[in-house]
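Numbering (full-length UniProt numbering), first residue to last: 1 to 187.
Even for Gly, the Cβ is constructed at its ideal location relative to N, Cα and C.
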């Protein structure tokens with residue numbers, strides 16, 4: 001829902017936001033780990049996601065996939081001139097730490113749409129965040145079966161050095177998540 005006034009968009013987000021954990025548990029997408037401390041994909045969802053990812057890798061990602069994911073008209077989707085994987089929908093540029101992360105989001109979006117009609121009702125911004133979060137549920141890389149680990153490193157940005165945490169594959173070096181230490185501190 002990108003149309004309407006700011007007040008209408010805020011009201012829509014408030015009325016349609018979901019509790020992420022409850023939403024995913026109710027759909028059978030995730031389950032508690034054996035120790036009951038964390039969430040993990042159910043075996044069934046992981047298998048279906050892997051099949052979706054194979055299809056996305058075979059077909060590639062196009063503007064229609066992005067339009068569907070973000071509830072935009074395909075004519076409002078473009079590829080901005082960036083040195084990283086990104087798409088622009090309407091006025092918003094969204095980025096991914098790798099082409100693999102984008103493919104995984106498209107596959108997850110497709111599978112969630114196959115699971116429930118409620119996915120389209122979840123506000124776009126929350127869908128985007130849920131897709132990002134679900135990338136952290138990988139135990140092994142769906143591209144090469146390598147181990148997934150997290151690291152931190154210092155990178156230089158326009159405003160100085162900052163620590164970035166990354167989740168990625170140790171074998172093929174695909175990055176699935178990147179976030180700054182400041183983003184963690186603000187949570």
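Check: Straight-line CA distance for residue 175 to residue 79?
Finding: 20 Å
Checklist line | Three-state secondary structure assigned by DSSP to residue 66 | finding: helix
Margin query: Which same chain residues end up closer than 7 Å to residue 32 when comparing Cβ atoms and leaving out the 5 residues on each side of it in sequence?
Written below: 39
Item checked: Supposed contact pair residue 108 and residue 27 - C-beta distance, whole angstroms, cut 8 Å -> Between residue 108 and residue 27 the Cβ distance is about 12 Å, and since that is not below 8 Å, they are no contact.
Note to self: Extract the residue ranges of the beta strand (DSSP E) inside the stretch 62 to 116, only unbroken runs of 3 or more that lie entirely within it.
What the structure shows: 85 to 89, 92 to 96
Item checked: For residue 176, the three-state DSSP class (helix, strand or coil) -> strand
Margin query: Count Cβ pairs between the stretch 59 to 68 and the stretch 139 to 153 that sit closer than 8 Å; are there 3 or more?
Written below: no
Check: To which residues does DSSP link residue 122 through a beta bridge?
Finding: Bridge partners of residue 122: none, in fact.
Notebook entry, point to check: For residue 198, which residues of its own chain have a beta-carbon under 8 Å away from its beta-carbon, when the five flanking residues on both sides are left out?
Noted result: Residue numbering for the chain in the displayed model covers 1 to 187; residue 198 lies beyond these limits and cannot be assessed.
Item checked: Check whether residue 17 and residue 126 have beta carbons under 8 Å apart -> yes
Checklist line | Distance between beta carbons of residue 143 and residue 169, contact taken as under 8 Å | finding: 7 Å
Next item on the list: Determine the DSSP secondary structure at residue 166, reduced to helix, strand or coil.
Entry: strand
Margin query: What would DSSP say about residue 138, mapped onto helix, strand or coil?
Written below: coil
Next item on the list: Check whether the Cβ atoms of residue 57 and residue 101 sit closer than 8 Å, and answer yes or no.
Entry: no
Item checked: Beta carbon of residue 90 nearer than 8 Å to that of residue 114 -> no
Item checked: Euclidean distance between Cα positions of residue 106 and residue 61 -> 8 Å
Margin query: At the level of alpha carbons, what is the spacing between residue 20 and residue 123?
Written below: 12 Å
Next item on the list: Tell me whether residue 31 sits in a helix, a strand or coil according to DSSP, three-state version.
Entry: strand
Check: Buried or exposed: residue 93, going by 16 or more other Cβ atoms within 10 Å of its Cβ?
Finding: exposed
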